[in-house]
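A.B. asks: Dropping the structure in here first, questions after.
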Amino acid sequence: MLATLSMNGYCQYSPAPGKQLELGGRPGAAMDRAAASGAPAGGGRPEAGNHRSNARSDGMGMHSGGAIWLSDAPPMRGGGSRSGNARGGGMGGMNMGGGYGGRAMKRLWPRAGNDPQKSSFAREDAQASTEILLVTPSSTPEGEPLPAPAESHTGIAFEVPAQGYYRVYLTTRKLQGKILNVCVAKAEVANFGHGGDEEEQARGMQAPRILESAPIEIVRERQPNEKMFFQLKSGDEQPFVILQKGLPLPSARVRFVSHQGWSREAVSDEQGRVSFQVIRDYFPPWGEFQKRFKATYLVIAEANAAESGNYQGQPYTSVRYQATLSGSYQPSPSDYMSYAWGLGIGLLIFLFSGVAVYLYRRRRVKPFVEVRFDEAK
Amino acid sequence: MKQNNSRLQAVRDAVNRVDLNSFRFWLQLAAFALFVYGGYFAIDLGSRLPLFSCAYNDEGRAAICYLLPLQHQLSQPWPRLFSIASITVITGFLTFVLWFIFLNKGWCGYVCPLGTIQDWITALRRRLGIRYSRYSQSQFAQLTRVKYLLLALMILIPLGIGGGFFSHDMSPPFCLICPARMVLPMFTGDVSQFTIDFSSKTAMIMTAVGISITGLFLVGAFVKKRFFCFFCPMSALHYLISKPALLKLKKDGNKCTRCGDCYRVCDMEIKEIADDVKTVNIMADDCIMCLKCVASCPEEGALKATFAGIPILESTEAGFIKRINKGCSDGK
Amino acid sequence: MENESPKIIPIQPAPYSRSRQAGESQNVLDHIVDDFQDNPASMQYFYDLFRRVYCHGDALQHEGMLVGTTCIQAPEELIYAFGATPMRLCNGSYHYDQRGADFMPAKSCSLVKATLGMLSSETVIPKIGKPDLIVNPTTCDQKKKASAMIEGMGYSVYDLEVPSVKESEASRVYWQRSVRQLAGRLQELTGRKLTRKSLKQAMSKTTRAQAAFRALHNFRRQSPSLILGKDAFLVTNAYFFDDIGRWTTAVEKLNEELAQRAKAGFKAVQSKAPRVLFTGSPPIFPNLKLPLLIEESGGVVVTDETCSSNRMLYDMTAVDEWRVNDMVDSLADKYLKPCTCPIFTRNDDRKRRLLDLVSDFNVDGVVYQAFAGCQVYEMEYRSVAEEFNRAGIPLLYVETDYSTDDKGQLSTRIEAFLESMKNRKKQRA
Ligand code: SF4
Ligand code: SF4
Ligand code: SF4
């Protein structure tokens, strides 16, 4: 099942325009900034260094370029969508409303760009080969191939009949000179309904979340005690694991991009693990504040390998792996919930009514209550 | 056969002599543990329960109070609510009715964790030697309607939300002002509900009202027995569907001397329980089926609780005397 | 100095036991004891008690202060809780009735007159001593007016305010407050404090007594009867003045004996003896004229609805919180709510209670005694009669007083009444 989808040549990585605070529009600046700000930069590992120079020398700053990633919203919605009312259509733990019956569908759009809000539709590329896999709660762990969308803005659609996690892997391979670019864009969609079959839900929660055949994959680690209707909040610490064929991949460069395009970079450790704190980047005026504002984050992982082989008859000497994963987060309750006020008001009412009752009772103990009349005019 | 009968009678006599108060205490404690901590043992009885097993007690709850899913369901967009989703609403309600029918308002008197908490607060007050308050009858007559008002709002506001008339920040309206939302999670160490939500004006007002009601709840339950139950919309909903219930509270007016003993002990101040000598099904809308009245009636068979027509607890002279003697020696 | 050596021979007061008053009691008691067969052996305690107290004028001991009461509405648990002893002053003696005529108009209730007569005499029988306080509930008009007269005799009197409506909330609150005020007065009197412990102890005393009474009451359901009504009245009359613990023990003994009788299939009366429910003005020793007449004539009083017996001891108190406040209010409720006294505006409860007793005790007919001058009972007669008429139960209304003059005439009426009941029974069978 091969189809071609383009992301403007190859999977590539470029800083979000307009967010390069220190260094203006220079390519790779965000990455530099992240490195400079003390994120583990992988020490002297040659791959890391290689990659960086590669990336630059390859002229990454292409016009509409950027990583391919899967989003649950098409670009025109402006990326960050309000989903307080819209129960359906959530990623990274959002309920999809499948519990209300009917033929529930889910649609994902491949997008290209390194800034969640500014990424446009990924365009077709004749030179790249694309393959889409869908892993559902009822499918085998190896997944089933999905047809590519006729046009990129129609998105990848699939049915979500069962409760549990649905994962879509969009793998693109493209040879560029002697380098093979392998890019895996992944989306994980939680589909749970209130009051659904509880066994099914339990099974859905326990099912494995890894695709063993994926050349590279980002897995969002679950939070402790994570339940079905999990929602990441800004301020949370969110670990990810980078895997290659199901095995931890150390020293991968991982970048976390917030909804507003702020990014931070780190390198995966021996267990392939890397963790980011989701920053707060939503500051609307009070009247417009929405506590269920659904912001999108994007995680991009990259690694180079000096593997050689043949791809479609052409030899290559090294492989550049790239994985993406997006998800959503909402404002942290501590941004708008106040214990101080809550306890304050509660205590105030408690004391006030307590004293009122006490005084009322004292007054009642007095032996005599006078009868009085209104002086009517 | 005869022997069987006498054995049955012996069992009945023993039951009728039970120390109802301590029986109730232990049963309530067990039910409280089940519904507030059962979740840790992976107990899940669903989300249609006719009692305040609060859903916000995320970790520990063993079931979900029906009022939350009900309000959620009703606040769906109208096109959905009045088509496919109406089936879910109806089946949900039927499941709720099935649970309810079983114990009738006994859910309140014996199972509801919020009811139990109020009884504990009452016990605390009693231990401190502070007397309780009562409403006057005119206050009673007014206040007893509040629960129906709350029930009506609890249905209309979600419908209004679904219809787009109210903000989603009001959803679920009753839960936002229900003291159980704050009090029950506290028992699993979760105090996150004690906050004011400043995200919008509506949310701010609703949470402020909620926390104020919790403050009132604590003071109210301290001076007034079962303070909250008097206003509980669940109680109103119970009463509306109590006809087919299996557990019943019955009275034989001919045997009643109108001594008022039952009224005296009634936490809900239900005067009819003593004064009404005509009605057979004597359960009033405020009743919580604690059956304290049955235990404190000295007249043989004047009050009884029946399950599917079979008497399970009956007022007896011997039982009364046993309990009063116990009270005189070590009553609290 | 003409009379320098006046040899005044002091007039020796005749010993009480030889007085007319003692004679009256003696006659009745002899009648009760000797003219009936098979008296329960454990009744001996009560016969002896009455003989000592009423015929010999022996003194009775009591604990702490003595608080006289003129009505069952005075909460005796409170009196016990203050370490005092209650004594019911309602009297049944014709001798005192005549004495009391000085205070009240001729056409007043014998009971009130006898009580006044007793209190005004030098030798108060039963001889317990002078009450330190008399609690006079403001029930019927005659009792209300007696209050000042008793005070005039040198007693200290406390008017316990009783409402005239039972059902309303206002009266309930008023009465509860009244009872609390009584507790205040008792505290002043005894110098003690009302504590949880003392009130609980007091309540356990009365509960035990009431439980014993109820057991006796239940034995009387048996048909044919195990015990005669005259004995039962004597038992409950003893409660007026006897030590409550001793009284209860004696009743418990009596109950044991009745249990044995029941097992042995004993019959105190013939199987066809008409079973009578006694209601109205209270028979108080020695005025057991009417119950005795009924039982002499072959009937049996199986139960009653009078304040010298059933109404006094039957209703029990339930308490929710065993704290002083709640206990006192509970007691107040128990003294007001179930009371079937005719002084209240409505008498639905009395009618219902009577009908319930009729069906529970398998009653054949009702005898309604009204003391001449007791307006409230006289006035209620009509409605009660109508109720029984509707239920098809024969009722005999007897207006009488403490004198024995009408005995002959009454006996004829009662015989005729019993006869008609017997016939009815036969017809039914
Ligand atoms: S009435 Fe009381 S006991 Fe019953 S559901 Fe409501 S809070 Fe619980
Ligand atoms: S306790 Fe029993 S007898 Fe007394 S009023 Fe209540 S039901 Fe009637
Ligand atoms: S009427 Fe009886 S069962 Fe109902 S609340 Fe009152 S005491 Fe409890």
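Chains as they are written, first to last, in our numbering: chain Y, 34 to 410; chain L, 375 to 706; chain W, -17 to 411. No residue lacks a Cβ here, since even glycine has one placed at the ideal position from N, Cα and C. Please read all numbers here as calculations on a predicted model, not as lab measurements.
Please tell me whether Gln55 (chain W) and Cys356 (chain W) are closer than 9 Å, where the distance is taken between their beta carbons.
C.D. replies: No, the Cβ-Cβ distance between Gln55 (chain W) and Cys356 (chain W) is not below 9 Å.
A.B. asks: Between the stretch 189 to 201 of chain W and chain L, which residues of the former have CB atoms less than 7 Å from a CB of the latter, in chain order?
C.D. replies: Answer set for the stretch 189 to 201 of chain W: Thr189, Ala193, Arg196.
A.B. asks: Distance, Cα to Cα, Thr169 (chain Y) vs Gln239 (chain Y)?
C.D. replies: Their Cα atoms are separated by approximately 13 Å.
A.B. asks: Taking only beta-carbon positions, decide if Val593 (chain L) is within less than 9 Å of chain Y.
C.D. replies: It does: the Cβ of Val593 (chain L) has a partner Cβ on chain Y nearer than 9 Å.
A.B. asks: Any beta-carbon of chain Y closer than 9 Å to the one on Ile570 (chain L)?
C.D. replies: Cβ-Cβ to chain Y under 9 Å: yes for Ile570 (chain L).
A.B. asks: Which full runs of the alpha helix (DSSP H) of 4+ residues lie inside the stretch 603 to 648 of chain L, going along the chain?
C.D. replies: Whole alpha helix (DSSP H) segments, 4+ residues: 607 to 614, 635 to 639.
A.B. asks: Is Gly675 (chain L) near ligand 3 - that is, is its Cβ less than 8 Å away from at least one heavy atom of it?
C.D. replies: For ligand 3, not one heavy atom lies less than 8 Å from the Cβ of Gly675 (chain L).
A.B. asks: Cβ closer than 8 Å: which chain Y residues qualify as neighbours of Pro510 (chain L)?
C.D. replies: Checking the sequence shown, residue 510 (chain L) turns out to be Ser, not Pro. None at all; the shortest Cβ gap to chain Y is about 12 Å.
A.B. asks: What does the shell around ligand 1 hold, if a residue joins when its beta-carbon is under 6 Å from any heavy atom?
C.D. replies: Result (chain order): L:Leu425, L:Phe426, L:Cys482, L:Cys486, L:Leu488, L:Gly489, L:Phe602, L:Cys603, L:Cys606, L:Met608, L:Ser609, L:Ile662.
A.B. asks: Looking at Cys630 (chain L) and ligand 3, is the gap between the Cβ and the nearest heavy atom below 8 Å?
C.D. replies: No, since every heavy atom of ligand 3 falls outside the 8 Å radius drawn around the Cβ of Cys630 (chain L).
A.B. asks: How big is the Cα-Cα spacing for Phe412 (chain Y) and Arg600 (chain L)?
C.D. replies: Since the first residue of chain Y shown is 34 and the last is 410, residue 412 (chain Y) is not available in this structure.
A.B. asks: At what residues does the beta strand (DSSP E) containing Ser103 (chain W) begin and finish?
C.D. replies: No beta strand (DSSP E) holds Ser103 (chain W); DSSP gives it neither H nor E.
A.B. asks: Which two residues bound the contiguous beta strand (DSSP E) that contains Val307 (chain Y)?
C.D. replies: Segment 306 to 310, the beta strand (DSSP E) holding Val307 (chain Y).
A.B. asks: So within the stretch 97 to 174 of chain W, which uninterrupted beta strand (DSSP E) runs reach at least 3 residues, ignoring any that extend past its ends?
C.D. replies: The qualifying runs are 115 to 119, 139 to 142.
A.B. asks: Would Phe201 (chain W) and Leu210 (chain W) qualify as a contact pair, given that the criterion is a beta-carbon distance under 9 Å?
C.D. replies: In this structure, Leu210 (chain W) does not lie closer than 9 Å to Phe201 (chain W) by Cβ.
A.B. asks: Considering only DSSP beta bridges, list what Phe273 (chain Y) is partnered with.
C.D. replies: The partner list for Phe273 (chain Y) (beta bridge, DSSP) reads Y:Arg253, Y:Val307.
A.B. asks: At the level of alpha carbons, what is the spacing between Gly61 (chain Y) and Leu244 (chain Y)?
C.D. replies: Low per-residue confidence applies at Gly61 (chain Y): pLDDT is 37, beneath 50, and the placement is therefore not dependable, though the value from the model is reported in the following sentence. Approximately 30 Å, taken between the alpha carbons.
A.B. asks: Given a cut-off of 9 Å on the beta-carbon distance, is the pair Ala300 (chain W) and Asp650 (chain L) in contact?
C.D. replies: Not in contact: Ala300 (chain W) and Asp650 (chain L) (Cβ atoms no closer than 9 Å).
A.B. asks: Would you say Leu623 (chain L) touches ligand 3, meaning its beta carbon is less than 8 Å from a heavy atom?
C.D. replies: Correct: Leu623 (chain L) has its Cβ closer than 8 Å to ligand 3.
A.B. asks: I'd like the list of long-range same chain contacts for Phe470 (chain L), defined as Cβ closer than 7 Å, with 5 residues on each side in sequence excluded.
C.D. replies: Counting only Cβ-Cβ distances below 7 Å, and skipping sequence neighbours, we find Arg422, Pro424, Tyr440.
A.B. asks: Between which two residues does the beta strand (DSSP E) containing Arg200 (chain Y) stretch?
C.D. replies: First-last of the beta strand (DSSP E) with Arg200 (chain Y): 197 to 209.
A.B. asks: Strictly by DSSP, which residues pair up with Glu433 (chain L)?
C.D. replies: DSSP lists no partner for Glu433 (chain L).
A.B. asks: Are Lys207 (chain Y) and Asp158 (chain Y) closer than 9 Å when you measure CB to CB?
C.D. replies: Taking 9 Å as the Cβ cut-off, Lys207 (chain Y) and Asp158 (chain Y) qualify as a contacting pair.
A.B. asks: Count the other CB atoms, across all protein chains shown, that sit within 10 Å of the CB of Met370 (chain Y); report buried if there are 16 or more and exposed otherwise.
C.D. replies: Looking at its Cβ environment, which holds 16 or more other Cβ atoms inside 10 Å, Met370 (chain Y) is buried.
A.B. asks: Just by C-beta distance, which residues in the stretch 360 to 386 of chain W are closer than 8 Å to chain L?
C.D. replies: Correct list: empty, as no residue qualifies.
A.B. asks: Let's see if you can read the secondary structure: which residues bound the beta strand (DSSP E) around Ala679 (chain L)?
C.D. replies: Taken as a continuous stretch (DSSP letters only), the beta strand (DSSP E) holding Ala679 (chain L) covers 677 to 681.
A.B. asks: Please state if the CB of Arg500 (chain L) and the CB of Arg428 (chain W) are separated by a distance shorter than 9 Å.
C.D. replies: Residue coverage of chain W in this structure runs from -17 to 411, which leaves residue 428 (chain W) outside it and unanswerable.
A.B. asks: Looking at the strands, I want to know which residues DSSP matches up with Trp142 (chain Y).
C.D. replies: For Trp142 (chain Y), which the question treats as bridged, DSSP gives the partners Y:Ser104.
A.B. asks: Is Ala692 (chain L) closer than 9 Å to Asp393 (chain L) when the C-beta atoms are compared?
C.D. replies: Cβ distance not < 9 Å, so Asp393 (chain L) and Ala692 (chain L) don't count as in contact.
A.B. asks: Assign Phe195 (chain W) to one of three DSSP states: helix, strand, or coil.
C.D. replies: Correct three-state label for Phe195 (chain W): helix.
A.B. asks: Is Lys666 (chain L) near ligand 3, going by C-beta to nearest heavy atom under 8 Å?
C.D. replies: Indeed, a heavy atom of ligand 3 lies less than 8 Å from the Cβ.
A.B. asks: Is the shortest distance between the beta-carbon of Leu517 (chain L) and the beta-carbons of chain Y less than 9 Å?
C.D. replies: Leu517 (chain L) does not count as touching chain Y.
A.B. asks: Please list the residues of the stretch 262 to 291 of chain W that have a C-beta atom closer than 7 Å to any C-beta atom in chain L, keeping them in chain order.
C.D. replies: Of all residues in the stretch 262 to 291 of chain W, none has a Cβ within less than 7 Å of some Cβ in chain L.
A.B. asks: Please report the straight-line C-alpha distance between Ala497 (chain L) and Tyr296 (chain W), rounded to a whole angstrom.
C.D. replies: Those two C-alpha atoms are separated by around 31 Å.
A.B. asks: Please decide whether Phe10 (chain Y) counts as near chain L, where near means a Cβ-Cβ distance under 9 Å.
C.D. replies: In the structure as shown, chain Y begins at 34 and stops at 410. Residue 10 (chain Y) is therefore absent and cannot be evaluated.
A.B. asks: For the structure I just gave you, are there three or more beta carbon pairs, one from the stretch 678 to 689 of chain L and one from the stretch 613 to 633 of chain L, closer than 8 Å?
C.D. replies: The stretch 678 to 689 of chain L, when compared against the stretch 613 to 633 of chain L, does touch it at the 8 Å Cβ threshold.
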